[in-house]
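The structure appears below as structure tokens.
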Amino acid sequence: MIGFVLLSLVMIASALFTVTAKKPVHSVVGLLVNFIALAITYLTLHAEFLAVIQIVVYSGAILILFVFVIALLSSGTKPFEPGPNRMPRAVYPALLFGAIGLAAIAIAVAKTAFAPTAIAGATGDANVFGSVADFGTALFTTNLLPFEVTAFVLMVAIVGVVLLAGDDAPGRRAPKRTQREPISPPRERIAP
Amino acid sequence: MSAPVDAYVIVSAILFFIGVVGVIARRNPLIQLMSIELLFNSANLALVTFARSWGNNAGHIFAFLVITVAAAEAAIGLAIVVIVFRKTTFVDVDEVATLKG
Numbered sequence: 000m001i002g003f004v005l006l007s008l009v010m011i012a013s014a015l016f017t018v019t020a021k022k023p024v025h026s027v028v029g030l031l032v033n034f035i036a037l038a039i040t041y042l043t044l045h046a047e048f049l050a051v052i053q054i055v056v057y058s059g060a061i062l063i064l065f066v067f068v069i070a071l072l073s074s075g076t077k078p079f080e081p082g083p084n085r086m087p088r089a090v091y092p093a094l095l096f097g098a099i100g101l102a103a104i105a106i107a108v109a110k111t112a113f114a115p116t117a118i119a120g121a122t123g124d125a126n127v128f129g130s131v132a133d134f135g136t137a138l139f140t141t142n143l144l145p146f147e148v149t150a151f152v153l154m155v156a157i158v159g160v161v162l163l164a165g166d167d168a169p170g171r172r173a174p175k176r177t178q179r180e181p182i183s184p185p186r187e188r189i190a191p
Numbered sequence: 000m001s002a003p004v005d006a007y008v009i010v011s012a013i014l015f016f017i018g019v020v021g022v023i024a025r026r027n028p029l030i031q032l033m034s035i036e037l038l039f040n041s042a043n044l045a046l047v048t049f050a051r052s053w054g055n056n057a058g059h060i061f062a063f064l065v066i067t068v069a070a071a072e073a074a075i076g077l078a079i080v081v082i083v084f085r086k087t088t089f090v091d092v093d094e095v096a097t098l099k100g
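As structure tokens, this is what we get:
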């Protein structure tokens, strides 16, 4: 229980840091802490394979992708200037919406009787619930079609990214950047 | 370590709505995408919790699918961010007003 409380506090604090950080790089670090705490939480829930996948896919692949895009976007121009704030008080309706949704879910959880199974700690046994053998058997026998659909989703993502960002997409040639200045002059703004 | 299912679901909901507030209130597209990752992860936490609670690993399979979709979404979203904000002066979603009438 004390471990769960600690992990929850780490997850919530790092999520808050991710959302409130000024620079995206700081957000990435907060998200990394969040993902690692979440992976440990998966371990306590007997989801050992998912814990490893969480570290490998999220922390290893997706966050590195974010870091690369941050480096790419801040290489040519000045790094990450936010434009003029056209909706300065958008935070308040967002907070209100979040509070209402959270209260709704809290009421729903309080009114629902969940399965009373005690949640025990992780074990190192093979062939028990949540182990790699158990997960693999379920994935390749009863859930073979979702697994194939996963492959299709990834292929669509690859084709989409190549079409979007590839240099010689048909009909569009990405401009070559040589100078350390924005490609297009700043657009003139309509005065509010 | 033993904690009730309710506690896991409440933590998942808190993470989800932190992500929702991030998507709505922030203007940096990268931080918005990271908030969307928070949403995916909170949903995964709820799925894994219920899988453990029912002793049925269909929730694990579904969480695996969610991770795959999150990876595809991050790749395509970041590609769109790169090609859109290469041409603007500010990295800010308010800059994307090309379709404004």
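Chains as they are written, first to last, in numbering that gives the first Met the number 0: chain S, 0 to 191; chain Z, 0 to 100. Every residue, glycine too, gets a C-beta built ideally from N, C-alpha and C. Note that the structure is predicted; figures quoted are calculated from it, not measured.
Reduced DSSP secondary structure (H/G/I, E/B, other) of residue i
| i | result |
| --- | --- |
| Asn43/Z | helix |
| Arg51/Z | helix |
| Leu42/S | helix |
| Met10/S | helix |
| Asp133/S | helix |
| Gly192/S | There is no way to answer for residue 192/S, as the model of chain S reaches only from 0 to 191. |
| Phe277/S | Residue 277/S lies beyond the stretch modelled for chain S, which goes from 0 to 191, so this question has no answer here. |
| Pro0/S | Going by the sequence as given, residue 0/S is Met instead of Pro. Residue state, collapsed to three classes: coil. |
| Pro23/S | helix |
| Lys99/Z | coil |
| Thr17/S | helix |
| Pro92/S | helix |
| Met86/S | coil |
| Pro3/Z | coil |
| Ala24/Z | helix |
| Ala121/S | Here Ala121/S scores only 47 on pLDDT, less than 50, and its place in the model is too uncertain to base an answer on. |
Selection from the options that minimises the alpha carbon distance to residue i
| i | options | result |
| --- | --- | --- |
| Asn56/Z | Phe3/S, Leu49/S, Gln53/S and Leu30/S | Leu49/S |
| Asn84/S | Ala24/Z, Gln31/Z, Val4/Z and Leu32/Z | Ala24/Z |
| Ala62/Z | Ser52/Z, Asn43/Z and Ile79/Z | Asn43/Z |
| Ala70/S | Val68/Z, Ile66/Z, Ala69/Z and Val80/Z | Val80/Z |
| Ile9/Z | Ala45/Z, Phe39/Z and Asn27/Z | Ala45/Z |
| Gly159/S | Phe39/Z, Leu37/Z, Leu64/Z and Ala70/Z | Ala70/Z |
| Leu44/S | Leu162/S, Ala112/S, Ile99/S and Met0/S | Met0/S |
| Ile35/Z | Ile17/Z, Ser52/Z, Phe49/Z and Ala50/Z | Ile17/Z |
Own chain residues within Cβ distance below 7 Å of residue i, not counting five before or after
| i | result |
| --- | --- |
| Ala14/S | Asn33 |
Spatial neighbours of residue i in its chain, beta-carbon cut-off 8 Å, leaving aside the 5 residues before and after
| i | result |
| --- | --- |
| Gln53/S | Phe34, Leu37, Ala38 and Tyr41 |
| Gly141/S | Looking at the sequence shown, residue 141/S is not Gly but Thr. If we look at Thr141/S and ignore the five residues flanking it on each side, it has no Cβ neighbours. |
| Val47/Z | Gly58, His59 and Ala62 |
| Thr122/S | Below a pLDDT of 50, predicted positions are generally treated as unreliable, and Thr122/S, at 49, falls in that range; the measurement from the model is reported next regardless. So the qualifying residues of the chain are His45. |
Spatial neighbours of residue i in its chain, beta-carbon cut-off 6 Å, leaving aside the 5 residues before and after
| i | result |
| --- | --- |
| Ala156/S | none |
| Ser41/Z | Ser11, Leu14 and Phe15 |
| Thr17/S | Ser26, Gly29 and Leu30 |
| Gly129/S | His45, Ala46 and Glu47 |
Any C-beta of chain A under 9 Å from that of residue i
| i | result |
| --- | --- |
| Val51/S | Annotation note: the requested chain A is absent from the structure, which comprises protein chains S and Z. |
task = Could you list the residues in the segment 58-71 of chain S with a C-beta less than 7 Å from some C-beta on chain Z, going in chain order?
result = Ala60, Ile61, Leu64, Phe65, Val68, Ile69 and Leu71
key: Against chain Z: residues of the segment 130-154 of chain S by CB proximity under 7 Å   = Asp133, Phe134, Ala137, Leu138, Asn142, Pro145, Thr149, Val152 and Leu153
ask   = What residues in the segment 10-23 of chain S have a beta carbon less than 7 Å from any beta carbon of chain Z?
value = Met10, Ile11, Ala14, Leu15, Thr17, Val18 and Pro23
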